[in-house]
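2 protein chains.
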Amino acid sequence: MAVLQIGAGGVGWVVAHKAAQNNDVLGDITIASRTIDKCEAIIRSIHGRDNLKDKSKLLQARQVNADDIDAVVALIEEVKPDLVLNVGSPWINVPLMEACYRAKVSYLDTSVAVDLCSEGQQVPEAYDPQWAFREKYEQAGITAILGAGFDPGVVSVFAAYAVKHLFDEIDSIDVMDVNAGDHGKKFATNFDPETNLLEIQGDSFYWENDGWQRVPCHSRMMEFDFPVVGNFKIYSMAHDEIRSLQEFIPAKRIEFWMGFGDRYLNYFNCMRDIGLLSPDPLTLADGTVVQPLQVLKAMLPDPTSLAPGYTGKTCIGTWVQGSKDGKARSVFIYNDADHQEAYRDVEHQAIAYTTGVPAITAALMYFKGAWAGKGVFNIEQLDPDPFLETMPALGLGWQVQELTPQAPVIHDLRANVSEPKVEAALV
Amino acid sequence: MAVLQIGAGGVGWVVAHKAAQNNDVLGDITIASRTIDKCEAIIRSIHGRDNLKDKSKLLQARQVNADDIDAVVALIEEVKPDLVLNVGSPWINVPLMEACYRAKVSYLDTSVAVDLCSEGQQVPEAYDPQWAFREKYEQAGITAILGAGFDPGVVSVFAAYAVKHLFDEIDSIDVMDVNAGDHGKKFATNFDPETNLLEIQGDSFYWENDGWQRVPCHSRMMEFDFPVVGNFKIYSMAHDEIRSLQEFIPAKRIEFWMGFGDRYLNYFNCMRDIGLLSPDPLTLADGTVVQPLQVLKAMLPDPTSLAPGYTGKTCIGTWVQGSKDGKARSVFIYNDADHQEAYRDVEHQAIAYTTGVPAITAALMYFKGAWAGKGVFNIEQLDPDPFLETMPALGLGWQVQELTPQAPVIHDLRANVSEPKVEAALV
Chain A
9 MAVLQIGAGG
19 VGWVVAHKAA
29 QNNDVLGDIT
39 IASRTIDKCE
49 AIIRSIHGRD
59 NLKDKSKLLQ
69 ARQVNADDID
79 AVVALIEEVK
89 PDLVLNVGSP
99 WINVPLMEAC
109 YRAKVSYLDT
119 SVAVDLCSEG
129 QQVPEAYDPQ
139 WAFREKYEQA
149 GITAILGAGF
159 DPGVVSVFAA
169 YAVKHLFDEI
179 DSIDVMDVNA
189 GDHGKKFATN
199 FDPETNLLEI
209 QGDSFYWEND
219 GWQRVPCHSR
229 MMEFDFPVVG
239 NFKIYSMAHD
249 EIRSLQEFIP
259 AKRIEFWMGF
269 GDRYLNYFNC
279 MRDIGLLSPD
289 PLTLADGTVV
299 QPLQVLKAML
309 PDPTSLAPGY
319 TGKTCIGTWV
329 QGSKDGKARS
339 VFIYNDADHQ
349 EAYRDVEHQA
359 IAYTTGVPAI
369 TAALMYFKGA
379 WAGKGVFNIE
389 QLDPDPFLET
399 MPALGLGWQV
409 QELTPQAPVI
419 HDLRANVSEP
429 KVEAALV
Chain W
9 MAVLQIGAGG
19 VGWVVAHKAA
29 QNNDVLGDIT
39 IASRTIDKCE
49 AIIRSIHGRD
59 NLKDKSKLLQ
69 ARQVNADDID
79 AVVALIEEVK
89 PDLVLNVGSP
99 WINVPLMEAC
109 YRAKVSYLDT
119 SVAVDLCSEG
129 QQVPEAYDPQ
139 WAFREKYEQA
149 GITAILGAGF
159 DPGVVSVFAA
169 YAVKHLFDEI
179 DSIDVMDVNA
189 GDHGKKFATN
199 FDPETNLLEI
209 QGDSFYWEND
219 GWQRVPCHSR
229 MMEFDFPVVG
239 NFKIYSMAHD
249 EIRSLQEFIP
259 AKRIEFWMGF
269 GDRYLNYFNC
279 MRDIGLLSPD
289 PLTLADGTVV
299 QPLQVLKAML
309 PDPTSLAPGY
319 TGKTCIGTWV
329 QGSKDGKARS
339 VFIYNDADHQ
349 EAYRDVEHQA
359 IAYTTGVPAI
369 TAALMYFKGA
379 WAGKGVFNIE
389 QLDPDPFLET
399 MPALGLGWQV
409 QELTPQAPVI
419 HDLRANVSEP
429 KVEAALV
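Laid out in structure tokens, this is it:
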């Protein structure tokens, strides 16, 4: 048995540790990235934490440009993995799926890019390029598991669990993500700043009244009293799982919400106002051409550097409302993760931890035959039970909280967002 | 007669218009800049506003790199000016003074660079490189007039006027600058962003108790009820005239204050926190090296573009307290300028207007023989009366407001500034 991991960022770090802790099942591990140094740093950390369970198995680094399909195919032919774990940037999903198809090997990823700045990459069409592989994968007898992180990922498994065990009919699915941790920096992103800040500034899409609804970012807000971390303001946001949940689980409203502190939003708004979040080319006085967002990325702390000092908890879950046996029902199915506990386990923070642990849980489902169907599957299409039985042993527990059924109080902030009070828009 | 103007930014724009309106005295006008297009745009505006008083005189553009002393000397030899008007970046003062010395022609500028990021360029030593020319200029029989804008410039003339006419002894000199205008942008600087944002983020220096006192920027605040524009929060700031006033006018405390709105400070603090105000090289992921401050400069609106929509007024002046005839006295000598009126006169906003009008007023003093001493002079060393008699006719009036003598209420905000509440310093 063998796995090939592509990507060596924060999530890749956690995935490699967790793969190593489970290499009695997953076999030899190859970690590949454009920058081989990053792979080697992860391998040193795995040895340092004594996280390689079966020391007779291979743990090695390789350099590869994941955009280069031929190079990936060659690497697959060298390594002969049973599964390719894509934990790189979501921009490489399609070339990697193509490489896996050509090499006839199964594929797993943790998210798809949702980006207001890219044509055809908004929520409604986000999965189209990957769903286009369905027939090819089925015919080739290989498996693709899409969106196997936490959100997307576990939150979608929670929804599938709700369908299977808790509800007869579902009215609303609200995926909610709050990081109540403190990384000790004035401003930093928890994962790749480019992915993060493109995602956050996009219009929000949510499903309601049999159609996609679109509102400006941070213009639709509610408050929710989370277990463990308490009350937070959360904002409707474009996020990939909304698209796949809408495909596979009928509901009247499906929406994703993320918690942002007032301080974070102030930094975000300032950066957006001056143009620093733009991916468009900017010409400097000396003729140098840069993308402002790449400049910001270079200024911000490396997300992987945040882990040692990160304290506090995250709470991510799925709030499902509907009916069971003719009675209204409301449940919040969630995980709370602790940044310091994540660090003790794999030398990383909880944001990466909550994404990486589910990816390896899903990989174990594939290797153990629980999820062995041929074709392309979003995670909510697969049986939630063995996954949810396995995940706590890998480090992430989960709870079902029964709530009083209630219509959420959603605030429309469009008036605040679209019209700055004092001054008009930038030229 | 002839003048050579170096610099074609916002102040250069106003200076050229005002020179043209007074070319019966100043003679032929040559406007030179690194970018000749800017000079030509100014010339078109002068003709468009019909601001060239004596149409028999020359008004022409030249390209020159002001750092290149030989090139400037050659241009001086071609143009044969009686006075070189330096209205470029303050970083070119020293090479231009050297070029004027070599070509034996008089020199005038409007400010000196004060910059926390440059060695030897803080307030206490700001003028040293220019004062080093005193003996050379005297021996060469040429004149240098330093700091002939508004602040430095007119505010220093106000102080000289107070010494000459209003006080026997001076306790305190507070130079105060408030822009109550609205340029309609979320964030923009009124003159070159690099000069402006380096100056603003520097520690403040003020003179008190026979020595230089140093505090972090925006950490020392008072409120002042300005004529015309009303009450403003103003912050102690490093500014060049404090150094020369301390040299030439004895007082117990000399300090510069600038008004900043809460909204401006919020943008400023955000940009500083993320590192965008830094002039230090930053390497991007693709290997490109940039200065974040240059990236910001390229993103912000061109200050010259603000003028057409700029509304409201500025108020800049000198608050002098001390005694006259044995009685305590307190006066605020000030100008208020209107952005729209400035635009009607010279197609520019009041910030540039208040700097440019005094430069040409000072040039007229030189041409008319009122300020004809040989050597290097800061403007407060020269007779204030003819200057203040002339300036209103060029567009800037001035008033003396008698106040009730009072100790200013100065707030120490260092606790707020140096320790952010929620999170620690950036790595």
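Top to bottom, those sequences are chains A and W. Per this note's numbering, the first sequence starts with residue 9, numbered consecutively. Per this note's numbering, the second sequence starts with residue 9, numbered consecutively. Ideal Cβ positions, reconstructed from N, Cα and C, are used throughout, including at glycine. Note that the coordinates shown come from a computational prediction; the quantities given were computed from them, not determined experimentally.
In chain order, Lys194, Phe195 and Tyr275 make up the part of chain A whose C-beta sits under 8 Å from the C-beta of Asp281 (chain W).
Beyond the five residues adjoining it in sequence on each side, Ile250 (chain A) comes within less than 6 Å, by CB distance, of Val131, Ile262 and Phe264 in the same chain, given in chain order. Checking the DSSP bridge columns, you'll see Cys323 (chain W) partnered with W:Val186 and W:Asp344. Among the residues facing chain A, Met307 (chain W) is included, as its CB has a counterpart in that chain under 8 Å away.
In this model, Ala134 (chain A) and Ala140 (chain A) are separated by some 11 Å (Cα to Cα). With contact defined as three or more Cβ pairs closer than 8 Å, the region 397–405 of chain W and the region 317–331 of chain W are not in contact.
Here the C-alpha atom of Ile181 (chain W) lies approximately 15 Å from the C-alpha atom of Tyr243 (chain W).
By a beta-carbon distance limit of 8 Å, Ala156 (chain W) does not contact Ala345 (chain W). Their separation comes to about 17 Å. For a cut-off of 8 Å, the C-beta gap from Tyr351 (chain W) to Tyr374 (chain W) is around 28 Å, too long to register as a contact. Inter-residue distance for Met105 (chain W) and Ala24 (chain W) is about 20 Å (C-alpha atoms, whole angstroms). When Cβ-Cβ separations below 8 Å define contact, Leu12 (chain A) makes no contact with chain W.
Taking the Cβ atoms as the reference, Gly267 (chain A) lies roughly 12 Å from Asp159 (chain A), outside the contact range of under 8 Å. Within chain A, Val303, Ala306 and Met307 have C-beta atoms less than 9 Å from the C-beta of Leu290 (chain W), given in sequence order.
Lys172 (chain W) counts as exposed, since fewer than 16 other C-beta atoms from the protein chains shown sit within 10 angstroms of its C-beta. About 15 Å separates the beta carbon of Pro366 (chain W) from that of Phe199 (chain W), a gap too long to meet the 8 Å contact definition. Nearest CB-CB separation between Val298 (chain W) and chain A: below the 8 Å threshold. With respect to chain W, the C-beta atom of Cys278 (chain A) has a partner C-beta closer than 8 Å. At least 8 Å separates the beta-carbon of Lys61 (chain A) from that of Ile368 (chain A). For Lys172 (chain A), the three-state secondary structure derived from DSSP is helix.
In this structure, W:Leu116 is the residue among W:Phe175, W:Gly364 and W:Leu116 with its C-alpha nearest to the C-alpha of Thr151 (chain W). A Cβ-Cβ distance of about 20 Å is found for the pair Thr38 (chain W) and Thr363 (chain W), leaving them out of contact under the 8 Å criterion.
Within the same chain, and ignoring the five residues on either side of Leu301 (chain A) in sequence, the residues whose Cβ sits closer than 8 Å to its Cβ are Pro201, Glu202, Leu205, Leu206, Leu284, Leu285, Ser286 and Pro287. Residues of the same chain with a CB within less than 7 Å of the CB of Pro394 (chain W), apart from the 5 flanking positions on each side, are Met373 and Ala378 in chain order.
Taking 8 Å as the cut-off, the beta carbon of Asn277 (chain A) is found no closer than this to the beta carbon of Val162 (chain A).
Cβ neighbours of Arg110 (chain W) within its own chain (closer than 6 Å, five residues either side excluded): Val81. Linking Ala49 (chain A) to Gly405 (chain A) through their CA atoms gives a straight-line distance of about 28 Å. Taking the Cα positions, Ile14 (chain W) is about 17 Å away from Asn31 (chain W).
Neighbourhood of Leu284 (chain W) in chain A, by CB distance below 9 Å: Met279, Ile282, Leu284, Val303, Leu304 and Met307, in chain order. Straight across, the Cα-Cα distance linking Leu253 (chain A) with Ser227 (chain A) is about 23 Å. According to the DSSP assignment, Gln302 (chain A) belongs to the alpha helix (DSSP H) that extends over Pro300 to Met307. Judged by beta-carbon spacing, Asn187 (chain W) lies beyond the 8 Å limit of Ile341 (chain W), meaning their Cβ atoms are not closer than that value. Residue pairing for Ile208 (chain A): DSSP places it in no beta bridge. At a Cβ-Cβ threshold of 8 Å, Lys193 (chain A) and Leu34 (chain A) do not count as neighbours. Nearest CB-CB separation between Ala293 (chain A) and chain W: below the 8 Å threshold. Annotation for Gly383 (chain A): the continuous beta strand (DSSP E) segment containing it runs Gly383 to Asn386.
Linking Arg142 (chain W) to Gly383 (chain W) through their CA atoms gives a straight-line distance of about 5 Å.
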